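A.B. asks: Protein sequences appear in the order of chains B and P. The letter at position 102 of the first sequence is residue 351 when you use this note's numbering, and the numbering goes up by one with no holes. The letter at position 217 of the second sequence is residue 504 when you use this note's numbering, and the numbering goes up by one with no holes.
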Amino acid sequence: GIDCGADSRMCCRQEFFVDFKEIGWEDWIIQPEGYHMNYCAGLCPLHMAGIPGLAASFHTAVLNRIKAASAAAAVDSCCVPTQRRPLSLLYYDRDSNIVKTDIPDMIVDSCGCT
Amino acid sequence: AARGERCPACGVAALAPGAQRDVLLALAKQSILAKLRLPARPSAPQPPARGTLLAALRRLREQRSDTAALPGMLRDGPVPRPRPGLGLQEYEILSFAESGSSTSRSVHLHFRFSRELSRSTEILQATLYLFWAAPSPGAQPVTVRLLRPDPAGTNTTVASETQLEVQGPGWTTLDVGPAVRSLSGRETPRLTVELEVPEDWGSPLLAEHSDSHRPFVVAQARARTPHRVHRR
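#1: By the 10 Å Cβ neighbour count, where 16 or more other Cβ atoms means buried, how is LYS270 (chain B) classified, buried or exposed?
#2: Just to confirm my understanding: we take ILE279 (chain B), look at its own chain, exclude 5 residues before and 5 after, and list those with CB closer than 8 Å. What are they?
#3: Can you find the residues in the same chain that come closer than 7 Å, C-beta to C-beta, to GLY464 (chain P), ignoring five residues on each side of it along the sequence?
#4: In chain P, which residues lie less than 7 Å from ILE272 (chain B) when you measure between Cβ atoms?
#5: Does any residue of chain A have a CB that is nearer than 8 Å to the CB of PRO294 (chain B)?
#6: Nearest to GLU507 (chain P) by alpha carbon, out of B:CYS362, B:ASP358, B:THR350?
#7: Consult DSSP for LEU333 (chain P) and reduce its assignment to one of helix, strand or coil.
#8: Output the boundary residues of the alpha helix (DSSP H) element that contains LEU396 (chain P).
#9: Could you compute how far the alpha carbon of LEU433 (chain P) sits from the alpha carbon of MET355 (chain B)?
#10: When the Cβ atoms of the region 387-394 of chain P are set against those of the region 436-451 of chain P, are three or more pairs found closer than 8 Å?
#11: When you compare the CB of ILE356 (chain B) with every CB in chain P, is at least one pair closer than 8 Å?
#12: Going by the CB atoms, is the gap between LEU320 (chain P) and MET286 (chain B) shorter than 8 Å?
#13: How long is the line joining the alpha carbons of VAL429 (chain P) and GLY455 (chain P), rounded to whole angstroms?
#14: Can you say whether GLN263 (chain B) is buried or exposed, counting buried as having 16 or more other CB atoms within 10 angstroms of its CB?
#15: Based on DSSP bridge pairs, tell me the residues matched to GLY361 (chain B).
#16: Taking the alpha-carbon positions, what's the VAL484 (chain P) to THR460 (chain P) distance?
#17: Below 9 Å on C-beta distance, what does PRO353 (chain B) contact in chain P?
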């Protein structure tokens with residue numbers, strides 16, 4: 250996947266870190282200190298759609314077959330997460346119990362064109 | 288997004304940088320609270336004393352012999368699944384006792400579990416940890432009653448009664464899984480533990496709560512599987 254630079258226009262991963270102290274949540278979230286809320290942004294022109302390794306998926310394979318049949322049939326291609334991981338949280342709930350949980354698919358590691 | 292609608296990322300990209308940051312921070316808060324099934328962030332918590340927390344975690348760590356039982360709290364990284372989950376969100380809960388009424392022969396302990404968790408999760412296992420001060424020598428029978436609120440939340444009913452043989456000072460554990468499971472969906476999911484001894488032990492029945500050996504419950508839970516529609 251590609252990380253967005255200052256003037257990236259093509260599909261890339263935009264890093265965005267939320268510091269829990271900055272939003273006043275450090276009193277009830279024990280660990281971690283923040284959350285990498287990265288997101289995908291940028292253009293997916295057709296010649297980039299489905300390039301293997303960007304968003305290698307069954308969906309892409311089907312799209313390639315459609316494109317091979319007729320360019321007109323090709324549909325839009327979107328910049329989406331291709332790899333994500335859980336966010337492990339240790340926090341106090343409303344009864345001051347200590348809770349540990351993993352929230353699946355909360356952190357985007359890479360983006361690609363469908 | 289379909290034509291004409293703005294997807295969040297595109298919409299955000301069109302905003303001025305300051306406004307963009309505010310929108311993203313709001314999205315982050317909304318996303319985390321939604322995934323924790325919390326209507327709003329919990330009000331300022333009353334964390335347990337540091338000594339209490341360390342004694343509890345040390346006790347849990349002493350169970351290193353069977354690491355499978357070692358709660359995920361003590362490990363870095365993702366919580367190990369107690370059994371192959373279906374990619375469902377797992378929870379580990381550490382709940383410290385609140386003192387209730389007590390006499391020289393009995394003590395009441397209260398454990399509260401949040402409504403959100405009790406509604407949307409199934410309890411896989413729950414263990415009560417009790418630290419006994421210096422009881423009189425020889426095995427002492429202790430009656431442990433688990434009380435839960437009735438559905439209306441007005442009275443309490445006995446969920447179970449167990450005889451414990453306390454051999455001497457130290458920690459003992461008790462499986463309270465069925466009793467905690469029975470709290471599911473209650474308006475006030477609170478477990479009360481009543482300890483009763485045959486005669487005065489001549490010392491506090493349990494280590495004083497100011498002491499770091501406060502009783503606690505460790506529970507493991509998993510998000511409820513979405514209701515499956517059986518197709519014929």
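Here a beta-carbon is modelled for each residue, glycine too, at the ideal position from N, C-alpha and C. In this text, all values refer to a predicted model and were calculated from it rather than measured experimentally.
C.D. replies: Taking the definition as stated:
#1: For this step, residue 270 (chain B) is matched to residue 21 along the first sequence. When all chains shown are included, LYS270 (chain B) counts as exposed.
#2: For this step, residue 279 (chain B) is matched to residue 30 along the first sequence. Within the same chain, ILE279 (chain B) has close Cβ partners LEU339, TYR340, TYR341, ILE347.
#3: Residue 464 (chain P) sits at position 177 when you count from the first residue of the second sequence. ILE410, GLN412, ALA413, listed in sequence order.
#4: Along the first sequence, read from residue 1 onward, the residue named residue 272 (chain B) stands at position 23. Those within 7 Å of ILE272 (chain B) in chain P are LEU312, LYS316.
#5: Although the question refers to chain A, the structure presented lacks it and instead comprises the protein chains B and P.
#6: For the purposes of this step, residue 507 (chain P) is taken as residue 220 along the second sequence, with counting starting at 1. In the sequence on display, residue 507 (chain P) carries Gln and not Glu. It is B:THR350 whose Cα lies nearest to the Cα of GLN507 (chain P).
#7: Stepping through the second sequence from its first residue, residue 333 (chain P) is reached at position 46. Note on residue identity: the sequence assigns Gln, not Leu, to residue 333 (chain P). Coil at GLN333 (chain P), not helix or strand.
#8: As a working mapping, residue 396 (chain P) is identified with position 109 in the second sequence. Looking at the DSSP string, LEU396 (chain P) is not in any alpha helix (DSSP H); the run it does join, the beta strand (DSSP E), is 393-399.
#9: Taking the second sequence and counting its residues from 1, the one referred to as residue 433 (chain P) is at position 146. Taking the first sequence and counting its residues from 1, the one referred to as residue 355 (chain B) is at position 106. Looking at the two C-alpha atoms, the distance is approximately 38 Å.
#10: no
#11: The sequence position of residue 356 (chain B) within the first sequence is 107, counting from 1. So no, ILE356 (chain B) is outside the interface.
#12: For the purposes of this step, residue 286 (chain B) is taken as the residue at position 37 of the first sequence. For the purposes of this step, residue 320 (chain P) is taken as the residue at position 33 of the second sequence. No.
#13: By one-based count along the second sequence, residue 429 (chain P) stands at place 142. By one-based count along the second sequence, residue 455 (chain P) stands at place 168. Cα to Cα, VAL429 (chain P) sits roughly 12 Å from GLY455 (chain P).
#14: Here residue 263 (chain B) is taken as the residue at index 14 of the first sequence, counted from 1. Buried is the call here.
#15: Counting from one through the first sequence, the residue named residue 361 (chain B) turns up at place 112. GLY361 (chain B) pairs with B:VAL329.
#16: Stepping through the second sequence from its first residue, residue 484 (chain P) is reached at position 197. Stepping through the second sequence from its first residue, residue 460 (chain P) is reached at position 173. For VAL484 (chain P) and THR460 (chain P), the distance between alpha carbons rounds to 17 Å.
#17: What you label residue 353 (chain B) is simply residue 104 of the first sequence in a count that begins at 1. Result: LYS322, GLY374, LEU375, GLN376.
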